[in-house]
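Report on the following structure.
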């Protein structure tokens, strides 16, 4: 019985020594490495940069719908960091990695809207005003869904529509000027939108129901125009 207890004590002691040794080795080796982590967003929209590929010292991470990255077990010292994503300008920068956690936040600058050939615009009355959404299309007339935010300017003219949708003409002008764009990250195709506030429009709600809107969107890839022929000039019930 005594011999059995001695054997158990020895086995317990050996396991304790091995566990302590494992912990020592684990923390010793890990403290000799550096970890690089941070957040990356689109420079203009502050939205997710899709299909982002970040690399440093052979370590890599691919972000599909996340803003955060993390690269571990990097030897301390100077390394070249690269970030690449479709339709964005590549980033290449030297970073000095220290032992432990290193934080590097950065933004990606959009380069182009792939295959951009034109725009299709729609409008909808909202609580705030007449909302305009802009969709990009390619040479086949298909909507473009994967693109970065770019510096854009939007000019619009809104007229009362005289006549019906089959036979109409321009009426009096309700609006003429620049429209401030905003980014809607929840939209699939129309992430660039603008609103003409109701308080800037003098509308005869009894007699003026529909309008014509002429739009010009200026992009780094050229200027594009479209016309919305059935702009609703009154709020919907419940708004």
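Numbering (the numbering used here), first residue to last: 113 to 351.
We put the beta carbon where it would ideally sit given N, CA and C, even for glycine.
Since this is a predicted model, take the numbers as computed values, not measurements.
Item to check | Spatial distance of residue 183 from residue 207 (CA atoms) | outcome: 13 Å
Next on the checklist: If contact is defined by three or more beta carbon pairs under 8 Å, each pair taking one atom from either stretch, is the stretch 284-299 in contact with the stretch 228-235?
Outcome noted: no
Item to check | Local Cβ density within 10 Å of residue 222, reported as buried at 16 or more and exposed below that | outcome: buried
Item to check | Nearest neighbour of residue 297, chosen from 185, 147 and 156 [CA to CA] | outcome: 156
Checklist entry - For the candidate residues 270, 217, 154 and 284, whose alpha-carbon lies nearest to that of residue 339? => result 270
Next on the checklist: Please state whether the Cβ-Cβ distance between residue 266 and residue 328 is less than 9 Å.
Outcome noted: yes
Checklist entry - Which one of 171, 177 and 170 has the shortest CA to CA distance from residue 159? => result 177
Checklist entry - residue 247 and residue 301 look like a contact to me (Cβ under 8 Å); what is the Cβ gap, rounded to whole Å? => result 5 Å
Item to check | Run of the beta strand (DSSP E) containing residue 254, from where it starts to where it stops | outcome: Counting along the chain, residue 254 falls outside any beta strand (DSSP E), and DSSP gives it neither H nor E.
Checklist entry - How about residue 166 and residue 194: are their beta carbons less than 9 Å apart? => result yes
Next on the checklist: Spatial neighbours of residue 272 within its chain, please: C-beta separation below 6 Å, excluding the five flanking residues on both sides.
Outcome noted: 283, 284, 320 and 323
Checklist entry - For residue 295, which beta-bridge partners are listed by DSSP? => result 304
Next on the checklist: Which of the three DSSP states is assigned to residue 134 in this structure?
Outcome noted: In this prediction, residue 134 has a pLDDT of 47, which is less than 50 and means its spatial position is unreliable; what the coordinates show is noted afterwards. It is helical.
Checklist entry - What's the C-alpha gap between residue 251 and residue 305? => result C-alpha separation (whole angstroms): 22 Å.
Item to check | Residue of 295, 334, 337 and 310 minimising C-alpha distance to residue 347 | outcome: With distances taken between Cα atoms, residue 347 lies closest to 310.
Next on the checklist: Quick check on residue 142: does DSSP put it in helix, strand or coil?
Outcome noted: In this prediction, residue 142 scores a pLDDT of 48, lower than 50, which makes its location untrustworthy; the coordinate-derived value is nonetheless stated afterwards. Of the three classes helix, strand and coil, the one that applies to residue 142 here is helix, per DSSP.
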